[in-house]
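Protein chains: 2
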Amino acid sequence: MVETITQSIQDYLKHIYELNENGGTASTNDIAARLNIAPASVTGMLQKLASSNPPLVVYKKHQGVTLTKSGEKAALEVIRHHRLLETFLVNTLGYSWDEVHREADRLEHVISEDFEARMAEALGHPTRDPHGELIPTADLVMPTDESCPLASLRTDETATVKRVSDDDPALLRHLREIGVIPEVKLTVKNYSEFDGNLTIKVSGQKSNVVLGRTITNQIFVEK
Amino acid sequence: MVETITQSIQDYLKHIYELNENGGTASTNDIAARLNIAPASVTGMLQKLASSNPPLVVYKKHQGVTLTKSGEKAALEVIRHHRLLETFLVNTLGYSWDEVHREADRLEHVISEDFEARMAEALGHPTRDPHGELIPTADLVMPTDESCPLASLRTDETATVKRVSDDDPALLRHLREIGVIPEVKLTVKNYSEFDGNLTIKVSGQKSNVVLGRTITNQIFVEK
DNA sequence: CTTGTAATTTAGTCTAACCTAAATATATTT
DNA sequence: AAATATATTTAGGTTAGACTAAATTACAAG
């Protein structure tokens with residue numbers, strides 16, 4: 051049998067992977083929200099993905115889905131494409147941090163394995179994309195992420211920024227302005243018990259910045 | 051109204067443009083052959099393209115189609131994407147002459163205008179792609195081509211290669227081997243009345259080569 | 001000017017992926 | 001434990017773009 055993995059199936063798998071990373075199982079509604087389609091349409095597709103050969107998801111009515119091994123491989127393939135593309139667009143065409151996402155979302159489905167390999171080669175086989183997200187390896191293994199939210203640090207702790215959540219372009223632009231980008235070092239000058247704000251000294255920047263919980267939960271660091 | 055120009059419509063328009071360049075009107079069968087689909091499917095699409103708003107083709111039953119101004123603009127947009135992409139892939143990812151075509155065929159439909167502009171900029175606004183095909187300008191005008199088939203030259207004439215037909219990868223590899231690539235100078239050493247063969251001295255190559263009609267009709271030069 | 005062939009069109013189907021509305025299952029609150 | 005709210009599924013429908021088979025039109029050759 052071996053049914054074809056269409057572009058929309060790739061999109062489903064990618065988002066299910068990301069939902070699985072956080073929650074566990076991915077719910078019909080969450081998937082629908084991410085794909086901007088009606089929940090009813092998602093149900094139909096999940097049934098199809100579960101009964102394809104080989105099955106790409108494990109699906110129990112009313113209980114969401116998880117990826118099978120095959121589903122995960124297919125998802126990682128797309129994610130590798132996406133993250134390599136983001137890196138490539140920033141490095142070779144001067145795209146900025148916040149502009150690459152939409153472009154990569156369209157390109158990820160159409161590039162060949164050859165294109166993927168040539169990009170990886172040209173970029174020196176990077177392990178993270180411009181936002182610091184880990185890039186699955188060529189044999190489709192997702193490296194483990196050792197980083198923790200900046201929000202979990204306390205006064206006098208020092209760490210290196212590893213990753214920044216990429217789903218809000220405005221936040222990305224802001225972080226770029228205050229110098230919070232991957233591989234930059236920072237130190238917590240103060241932690242406020244009251245509201246969870248952190249006062250941060252960013253290496254290379256003159257003045258300290260105060261960041262709220264909402265932001266510090268989207269920045270990931272290694273001590 | 052302004053209906054959306056889907057990927058397959060883009061493909062139809064691109065091939066109709068190319069058929070119009072040679073023949074005049076594009077026939078149902080020719081289009082079907084190029085797109086690898088059944089002629090009956092083409093008829094349906096042509097009717098749709100002719101009655102869309104604005105109309106993209108002029109269609110008279112049993113007499114093939116030509117592009118309208120709107121159809122031509124849409125076609126040139128795709129062709130510009132394609133040719134810039136080929137140039138980009140060769141220049142920045144080390145693709146060879148004969149490998150770029152398939153990749154560009156998929157990418158041409160999904161890149162943004164921004165991507166197009168960045169490529170053009172990075173490449174220094176090239177006027178020809180790696181095979182020497184003219185690239186439509188940013189405002190979608192196809193430059194006029196002054197070149198003529200190598201087959202039309204006679205003994206002792208000298209010319210510069212401008213373009214090579216790109217639809218046969220094997221031919222492309224052969225031409226690369228004997229040094230026949232755009233901007234290379236060559237001289238006709240002999241013309242054979244009998245079979246139309248040309249004996250050619252290619253600048254930078256030690257030994258002369260003899261090329262038959264089939265090949266010399268696919269190489270375009272300027273004297 | 002008729003007849004055979006090739007090109008084209010019509011008519012009717014199919015599939016993928018979406019939709020809406022209604023039905024049902026699950027979860028939450030009182 | 002019932003009542004309500006929320007999440008999910010079912011049922012039925014739409015659209016784009018392909019298909020095959022049959023009908024028609026155009027064209028070329030005797």
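In the order they appear, the protein sequences are chains U and F.
Our numbering runs 50 ahead of the 1-based position in the first sequence.
Our numbering runs 50 ahead of the 1-based position in the second sequence.
Backbone N, C-alpha and C define an ideal beta-carbon position, used for all residues, glycine too.
Cross-chain neighbours of residue i in chain U, by beta carbon under 8 angstroms
i	result
T142/F	T142 and A172
E153/F	I161, S162, D164 and F165
R168/F	L143, G144 and Y145
Residues near residue i in its chain [Cβ-Cβ closer than 7 angstroms; skip 5 each side]
i	result
K212/F	G182, S197, P232, F270, V271 and E272
N70/U	A76, T116 and L117
A209/U	L203, L236, V271, E272 and K273
I56/U	Checking the displayed sequence, the identity of residue 56/U turns out to be Thr instead of Ile. Within the same chain, T56/U has no close Cβ partners at all.
R84/F	H65
Q113/F	T75
T266/U	P199, L200, A201 and L248
S253/F	V234, K235 and L236
N258/F	K239, T249, I250 and K251
D195/F	L184
S162/F	none
Chain F contact for residue i (CB, 8 angstroms cutoff)
i	result
S15/U	Beyond the ends of chain U as shown, which are 51 and 273, falls residue 15/U; an answer cannot be given.
R156/U	yes
Chain-ordered chain F contacts of residue i [CB-CB under 9 angstroms]
i	result
R133/U	In chain order: nothing, as chain F lies at least about 17 angstroms away.
Contact with chain U by residue i, beta-carbon distance below 8 angstroms
i	result
R223/F	no
R226/F	no
Own chain partners of residue i with C-beta closer than 8 angstroms, once the 5 adjacent residues on each side are dropped
i	result
A100/U	L106, V107, V108, Y109 and V115
V140/U	S146, W147, V150 and P180
S91/U	A82
R263/U	A201, D245, G246 and N247
N120/F	Just to set this straight, residue 120/F is Ser in the shown sequence, not Asn. So the qualifying residues of the chain are P104, P105 and L106.
E207/F	T237, V238 and K273
Q255/F	I228 and G229
Close-in-space but distant-in-sequence residues of the same chain around residue i (CB under 6 angstroms, 5 per side omitted)
i	result
V260/U	N247 and T249
M169/U	L134 and F138
S102/U	E53
L96/U	Y109 and V115
A154/F	H132, L135 and E136
A124/U	I55 and L63
D216/U	H181
Reduced DSSP category for residue i - H, G, I as helix; E, B as strand; rest coil
i	result
R178/F	strand
L203/F	coil
V140/U	helix
I269/F	strand
T187/U	coil
V128/F	helix
K64/U	helix
K239/U	strand
I250/F	strand
L117/U	strand
Meets three-Cβ-pair contact criterion under 8 angstroms: the stretch 51–70 of chain F and the stretch 117–135 of chain F = Inter-segment contact for the stretch 51–70 of chain F and the stretch 117–135 of chain F is present: three or more beta-carbon pairs are separated by less than 8 angstroms.
Check whether the stretch 146–153 of chain U touches the stretch 216–234 of chain U, taking contact to mean three or more Cβ pairs, one atom from each stretch, closer than 8 angstroms.
-> Note that the stretch 146–153 of chain U touches the stretch 216–234 of chain U; at least 3 beta-carbon pairs, one per stretch, sit closer than 8 angstroms.
Does the stretch 156–164 of chain U come within contact of the stretch 132–140 of chain U, defined as at least 3 CB pairs closer than 8 angstroms?
-> Contact holds: three or more Cβ-Cβ distances are below 8 angstroms.
Decide if the stretch 189–208 of chain F is in contact with the stretch 237–245 of chain F; the criterion is three or more beta carbon pairs, one per stretch, under 8 angstroms apart.
-> Between the stretch 189–208 of chain F and the stretch 237–245 of chain F there are three or more C-beta pairs closer than 8 angstroms, enough to call the two in contact.
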